Amino acid sequence: MLTSINPATGDTIATHEILTDAAIENRLARAHAAFAQWRVTDYATRTALLGRIADAFEADKHALAEIATREMGKTLKSAIAEVEKCAAAFRHYAAHGPGMLADRRIDIASGTATAHWLPMGPVLAVMPWNFPYWQVVRFVAPTIMAGNVGLLKHASNVQGVAAALEATLLKAGAPAGLFQNLAIPSAKVAGIIADDRIVAVTLTGSEGAGMAVAAAAGKALKKVVLELGGSDPFIVMPSADLDKAAATAVTARIQNTGQSCICAKRMIVHAEVYDAFMAQFTAGMKAVETGDPFDAATDMGPLSSEAQRQTVVDQLKQLTRAGARLLFGGEALPGKGAYMSAGILVDVPFDDRIAHEELFGPVAMVFKVADIDAAIRLANDVPFGLGSSVWTNDAAEKKRFVRDIAAGMTAINQMLASSPAAPFGGVKRSGHGRELGPYGLHEFMNLKTVVE
């Protein structure tokens with residue numbers, strides 16, 4: 001059984017039957033049959049379906065959001081915003097997908113070649129709990145536009161969201177088999193990847209999960225896209241707007257209770273403005289309202305589970321034993337639920353292994369640096385390279401950061417956030433491949449060259 005537990009109360013919400021091998025085979029066969037039909041649909045049919053799905057998400061956004069809040073603890077207001085963002089993604093691909101798939105003519109010595117984008121087949125998505133709708137939709141929307149079909153292995157604790165996703169697409173008129181939820185444990189994933197009917201796999205999750213899926217895909221010679229962890233730097237230079245930088249740093253660290261791959265996790269602050277920044281950042285972090293995620297006044301709900309909270313607590317203990325100093329917060333709060341207070345760590349010994357790990361909770365590590373060279377060195381001195389945020393009004397510094405920070409994404413004078421229109425992904429141990437934008441659409445397509 002897969003169990004959904006409300007992290008705000010510790011109560012069991014529901015249990016879900018694990019699919020039998022026969023049921024898995026039925027869904028694979030259905031996906032294979034659905035692809036045979038969907039691959040030859042015209043763009044107008046695909047975009048019309050995307051529009052109807054967007055309508056369905058918007059019509060049911062409150063009910064959908066409540067499921068996510070109960071299952072993984074995000075605030076209701078942020079869950080509603082997540083569902084609305086999903087609707088925007090479906091509309092984006094409906095509006096721009098045909099243009100992204102336009103043929104491209106190329107002059108060659110012997111005449112003319114044309115590059116065509118063609119669908120490949122059923123794609124398996126292995127997705128996490130932290131943005132349980134958005135992580136899936138940024139795979140599903142381009143999948144539908146591409147002419148492919150999708151199968152979802154969602155995190156075990158958000159099976160209510162997974163079922164709601166499938167039901168919403170069917171309600172909007174998606175053909176049977178176009179998108180199906182697989183209620184299975186992780187142990188079943190490798191066998192599905194090996195199945196000849198699966199052509200590719202995409203995963204968002206931990207390094208360990210990424211390595212396991214990549215190994216299975218490699219063994220089967222199948223394409224894989226991985227979006228893994230991050231330890232994103234948030235760099236503040238003397239020319240920055242400190243008021244805005246400090247206020248944004250709070251949101252960038254505690255959004256989703258710090259459980260986002262692109263949360264700002266390491267605040268790297270120039271010595272000239274360190275004290276001023278810390279005064280404002282500290283006040284902002286201490287003012288964070290932690291509590292009932294259904295309460296509109298709450299800034300931060302519980303972590304996704306008691307186990308996740310304990311992981312963060314254990315990491316903080318290791319960091320303090322290594323010499324870091326916890327200024328405040330970072331404590332498991334008493335009573336029911338997986339609540340934790342927002343906090344700040346300083347004096348972090350960056351040569352210690354634990355300081356290079358991703359801290360997936362609402363505690364910021366803050367570092368003082370002497371200059372831009374030191375800031376860039378520190379930013380890059382982790383195994384990850386997903387996102388980054390830099391705060392400067394100096395043109396030369398902006399160019400340096402864009403050129404030298406080893407990350408898939410850099411936001412300048414703003415918090416990093418994903419957009420349906422822009423490519424999303426990282427380098428190093430943060431994964432490879434891209435989601436969203438035209439690049440995410442093309443990842444699982446056959447770029448066929450036709451010479452005439």
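Residue numbers (our numbering): 1 to 452.
Here a beta-carbon is modelled for each residue, glycine too, at the ideal position from N, C-alpha and C.
As the structure is a computational prediction, the values presented were derived from the model and not from experiment.
Who are the near neighbours of residue i in its chain, counting only those whose CB is closer than 7 Å to its CB and skipping five residues on each side?
i	result
Ala164	Leu64 and Ile67
Val313	Ala332
His16	Met1, Leu2, Gln159 and Ala183
Ala79	Ala65, Ala68 and Thr69
Ala214	Val224 and Leu226
His442	Trp117
Ser341	Thr290, Gly329, Gly330, Glu331 and Leu333
Arg379	Residue 379 is actually Ala in this sequence, not Arg. Here the set comprises Pro233, Ile235, Ile268, Ser388 and Ile405.
Ile471	A question about residue 471 goes unanswered here, because the residues of the chain that appear run from 1 up to 452.
Val427	Gly385, Ala406, Ala407 and Gly408
By DSSP's criteria, residue i is part of a beta bridge. Which residues make up the other side?
i	result
Val366	Met267
Ala332	Met340
Thr114	Arg105 and Val450
Pro122	Val149
Ser305	None, per the DSSP bridge assignment.
Ile5	Thr12
Lys223	Ala200
Inspect the beta-carbon positions of residue i and residue j and report whether they are closer than 8 Å.
i	j	result
Glu166	Gly425	no
Tyr43	Pro98	yes
Trp129	Val158	yes
Thr75	Thr298	yes
Ile193	Lys222	yes
Ser231	Phe384	yes
Gly361	Thr257	yes
Pro438	Met100	yes
Arg138	His32	no
Ala411	Ser389	yes
Pro7	Gly335	no
Leu50	Phe90	yes
Leu178	Ala34	yes
Who are the Cβ neighbours of residue i in its own chain at under 8 Å, not counting the five residues just before and after it?
i	result
Leu327	Thr282, Gly343, Ile344, Leu345 and Val346
Ser239	Thr392, Asn393, Asp394 and Glu397
Gln37	Pro175
Asp241	Trp391, Asn393 and Asn413
Asp195	Leu28
Val123	Phe139, Thr143, Asn148, Val149, Gly150, Leu151, Ile198, Val199, Ala200, Val201, Thr202 and Phe444
Lys77	Ala296
Report the option in the options whose CA atom is closest to the CA atom of residue i.
i	options	result
Phe277	Ala287, Met237, Gln315 and Leu416	Met237
Gly210	Arg197, Ile198 and Val189	Val189
Gly147	Tyr93, Val161, Arg104 and Thr114	Tyr93
Gly453	Gly205, Ile235, Ala200 and Gly229	Outside the displayed range of the chain (1 to 452) lies residue 453, so it cannot be described from this structure.
Leu436	Cys86, Ala307, His270 and Ala220	Cys86
Thr449	Thr290, Ala287, Lys368 and Ala113	Ala113
Gly408	Ser430, Arg377 and Asp243	Ser430
Lys508	Ala252, Phe57 and Pro185	No information on residue 508 is available, as it lies outside the stretch 1 to 452 that the chain covers here.
Met365	Val83, His356, Asp371 and Ile372	His356
Ala322	Gln308, Glu82 and Arg353	Arg353
Asp292	Gly10, Gly73, Arg30 and Thr41	Gly73
Val83	Ala279, Arg377, Glu58 and Glu71	Glu58
Ala212	Gln310, Val126, Val451 and Val40	Val126
Helix, strand or coil: which one does DSSP assign to residue i?
i	result
Arg27	helix
Leu49	helix
Leu386	coil
Met300	strand
Arg321	helix
Val149	strand
His62	helix
Gln37	helix
His154	coil
Pro98	helix
Ala164	helix
Thr311	helix
Asn380	helix
Gln159	helix
Glu443	coil
Gly408	coil
Pro438	helix
Val348	coil
Ile262	coil
Lys74	coil
Gln414	coil
Gly425	coil
Gly431	strand
Leu327	strand
Val250	helix
Does residue i come within less than 8 Å of chain B when only Cβ atoms are used?
i	result
Ile412	Reference to chain B is not applicable here, since this structure consists of a single protein chain.
Are there any heavy atoms of the ligand HEM lying less than 7 Å away from the beta-carbon of residue i, as far as the coordinates show?
i	result
Cys86	This structure lacks the ligand HEM, and indeed carries no ligand of any kind.
Looking only at its chain, what residues have a beta carbon closer than 6 Å to the beta carbon of residue i, apart from the 5 residues adjacent to it on each side?
i	result
Ser186	none
Ala141	Ala89, Phe90 and Tyr93
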